[in-house]
Amino acid sequence: MNVLLIGSGAREHAIAWKLRQSPLLDELWSMPGNPGTAELGTNIPAGDNEAVVAACREYGIGLVVVGSEEPLAAGIVDRLAVEGIAAFGPTQAAAEIESSKVFSKELMARHGIPTAPFAVFDDAAAAADYVKSQPGPFVVKADGLAKGKGVIVTDTEAEALAALESVMVTREFGAAGVRALVEQRIFGPEASAQAFTDGSTVAHMPFSCDHKPVFEGNRGPNTGGMGAYSSPGWLPDEVQEAVRTGMTEAAVRAMREEGRSYQGVLYPGIMQTESGPNVIEFNCRFGDPEAQVLLPRLQSDLLEIMVAVTEKRLDHVDVRWSDDACVAVVLASGGYPGEYETGLQISGLGDVDPDVRVFQAGTRRDDGGGLVTAGGRVLTVSASGATIGQAREKAYANVERVAFEGAYYRRDIGTAAATSDA
Ligand code: AMP
Ligand code: GLY
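The sequence shown begins at 54 in the numbering used here and counts up one residue at a time.
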């Protein structure tokens, strides 16, 4: 089977790496991919839904795999369905579980899925009145997709009012802020509970955790993710079970009942509060960098799973995971998530241990064919071990062999310090 993979991050490189291990895979095309996916198949230029359809015809694609939320929210799966082309990922209506935070919260409220109390506003003055009349602290969220940036966690009433102003009035996140949520702020460590689902059967992945803030000890501005580990030993088994049944499976059932049957990866981000787990958000695809610690643990054939999801027969596939721990450290350009330089020579990839994976993201080939930096998050080094400690040690020993000018990485990925106060 020929597969077209949409996306260009380290998550997509990890998906490509895992798909390449499948005996069912013939040719792999990546749109637009990166130099990492180019080593596993052929990269073609990025394009809109029509360009994806055209590429499918030209290359005889049997399955399209969508890495990130934007094409899903733009209805790529629906468009391909019209052409009779199978795609792994939710339809536009099902992807609303991520692309509309209002839909997602109201779905949870309708179906009794535990989440922080909230109110929805399309009027900035009414939202401000609410903040002034209710006890905080609050989290202010733009309804729509905002590249992970439309969430403002506040401590004081003044901060909440300023957040509302930027979301709803000055429209810092554009049309995403036409509607806004004001949520009760809750406290506790966070984890990701991802699962494959065909709309009925749910195959849970191990739990994982990412580290969003740029600096050690979870300080500084949020990024796309500076590293991840799996599994979080601090999350008790009974809580994991409660999340799997009361959140992931409950959401899959809720979506089916509401006529938005969900296929693909469903990713509830959860917070373990003093009174138990709450859903912070649902995502409609693999986490990045969580995919880089989950896919190395997948013992089954990823392509077989993805095809089974699209054919709604996931119950026929045995989805198995190794007990290994996995730690992934992101190497970022100095200055990220602010301004940074690109075009800097990357060295040392050839010195990495053979069982350590380097997943590329912000990289490109220069005119001479050398690998250079081309983005904020440049690459992810992912290593396995019997314990998180062993996996960390291996990951960091290898991170040190990769170099480019100004390379920055957090040194505390997977440590207790990094996880206790997420
Ligand atoms: P999201 O973009 O929805 O993942 O939100 C980004 C981050 O904001 C989450 O990972 C949490 O750390 C934080 N957050 C979102 N909602 C809440 C909440 N109700 N209480 C506390 N923190 C939150
Ligand atoms: N790691 C967070 C995300 O993928 O949304």
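Cβ atoms here follow ideal geometry from the backbone N, Cα and C, with glycine treated the same way.
For this session: Take the Cβ of Ala-69 as the centre, count every other Cβ of all protein chains shown within 10 Å, and call the residue buried at 16 or more, exposed below.
Result: Ala-69 should be labelled buried.
Exercise. Would you call Ala-228 buried or exposed, if buried means 16 or more other Cβ atoms sit within 10 Å of its Cβ?
Worked result: When all chains shown are included, Ala-228 counts as exposed.
Problem set entry | Terminal residues of the beta strand (DSSP E) in which Met-324 lies | 317-326
Exercise. With 16 as the cutoff for other CB atoms within 10 Å, does Trp-12 come out buried or exposed?
Worked result: Any question about residue 12 goes unanswered here, given that the chain covers just 54 to 475.
Exercise. Would Glu-291 be called buried (16 or more neighbouring beta carbons within 10 Å of its own) or exposed?
Worked result: Burial call: exposed.
For this session: May I ask you to list the residues that DSSP assigns as paired with Gln-237?
Result: Phe-191
For this session: Return the first residue and the last residue of the alpha helix (DSSP H) that Gly-115 is part of.
Result: That residue, Gly-115, is in no alpha helix (DSSP H); its beta strand (DSSP E) goes 114-119.
For this session: Compute the Euclidean distance between the alpha carbons of His-66 and Ala-248, then round it to the nearest angstrom.
Result: 19 angstroms
For this session: Please state whether DSSP places Asp-376 in a helix, a strand or coil.
Result: Three-state DSSP puts Asp-376 in coil, outside helix and strand.
Exercise. From Pro-171 to Ser-157, what does the alpha carbon distance come to, in whole angstroms?
Worked result: The sequence given here places Phe at residue 171; Pro does not occur at that position. Distance between the alpha carbons of Phe-171 and Ser-157 is about 11 angstroms.
Exercise. In its own chain, which residues sit with a C-beta less than 7 angstroms from the C-beta of Glu-343, not counting the 5 before and 5 after it?
Worked result: Cβ neighbours of Glu-343 beyond the five flanking positions: Ser-245, Gln-247, Ser-261, Asp-263, Ala-281.
For this session: Report yes if the C-beta of Ile-239 is less than 8 angstroms from at least one heavy atom of the ligand AMP; otherwise report no.
Result: Yes, since a heavy atom of the ligand AMP falls inside the 8 angstroms radius drawn around the Cβ of Ile-239.
Problem set entry | Neighbourhood of Gln-413 by C-beta distance below 7 angstroms, restricted to the same chain and skipping five residues each side | Ala-63, His-66, Asn-87, Pro-88, Gly-89, Leu-432
Problem set entry | Proximity below 9 angstroms, CB of Asp-377 to CB of Ala-439 | Contact annotation: Asp-377 and Ala-439 have beta-carbon atoms nearer than 9 angstroms.
Problem set entry | Glu-334 Cβ short of 8 angstroms to the ligand AMP heavy atom set | yes
Problem set entry | Any non-hydrogen atom of the ligand AMP within 8 angstroms of Met-300 CB | no
Exercise. Three-state secondary structure (DSSP) at Val-382?
Worked result: strand
For this session: For Glu-225, verify whether its CB is less than 8 angstroms away from any heavy atom of the ligand AMP.
Result: For the ligand AMP, not one heavy atom lies less than 8 angstroms from the Cβ of Glu-225.
For this session: Classify Leu-58 as helix, strand or coil using the three-state DSSP reduction.
Result: strand
Exercise. Ala-107: which of Thr-363, Arg-132, Asp-251 sits nearest, CA to CA?
Worked result: Arg-132
Exercise. Measuring CA to CA, which of Pro-124, Glu-269, Cys-379, Gly-317 is closest to Leu-198?
Worked result: Pro-124
For this session: For Gly-128, name the three-state secondary structure that DSSP assigns.
Result: When secondary structure is reduced to three states using DSSP, Gly-128 falls in the coil class, being assigned neither helix nor strand.
For this session: Keeping to the same chain, check which residues put their C-beta closer than 6 angstroms to that of Gln-74; ignore five residues upstream and five downstream.
Result: none
Exercise. Is it right to say Glu-149 is buried, meaning 16 or more other beta carbons lie within 10 angstroms of its own, or is it exposed?
Worked result: Buried, by the Cβ-count rule.
Problem set entry | Which of helix, strand or coil DSSP assigns to Pro-209 | In the sequence under discussion, the amino acid at residue 209 is Thr, which differs from the Pro named in the question. Here Thr-209 sits in coil by DSSP.
Exercise. In its own chain, which residues sit with a C-beta less than 7 angstroms from the C-beta of Leu-351, not counting the 5 before and 5 after it?
Worked result: Taken in chain order, the residues that qualify are Lys-71, Trp-374.
Problem set entry | From Pro-242, Ser-283, Gly-252, Val-255, residue whose alpha carbon lies closest to that of Asn-271 | Pro-242
For this session: Using the Cα positions of Val-235 and Val-425, report the straight-line distance between them to the nearest angstrom.
Result: Answer to the nearest angstrom: the Cα atoms are 42 angstroms apart.
Exercise. So what does DSSP say about Leu-351, is it helix, strand or coil?
Worked result: strand
For this session: Would you grab the beta carbon distance between Asn-331 and Thr-168 for me? Rounded to a whole angstrom, and I think it's under 8 angstroms.
Result: Going by Cβ atoms, the distance from Asn-331 to Thr-168 rounds to 5 angstroms, so yes, they are a contact pair.
For this session: Look at the alpha carbon of Ile-138 and the alpha carbon of Val-360, and state the distance between them as a whole number of angstroms.
Result: 12 angstroms
Exercise. Which partner residues does Asn-96 have in the DSSP bridge list?
Worked result: Ser-83
Exercise. By how many angstroms is the C-alpha of Arg-309 removed from the C-alpha of Ala-233?
Worked result: 26 angstroms
For this session: At 3 residues or longer, and completely inside the region 222-273: list those beta strand (DSSP E) runs for me, N to C.
Result: 233-237, 243-245, 248-250, 255-257, 266-268
For this session: Leaving aside the five residues before and after Asp-251 along the sequence, list all residues of the same chain whose C-beta is less than 6 angstroms from its C-beta, in chain order.
Result: Gln-316, Val-362, Lys-365, Leu-367
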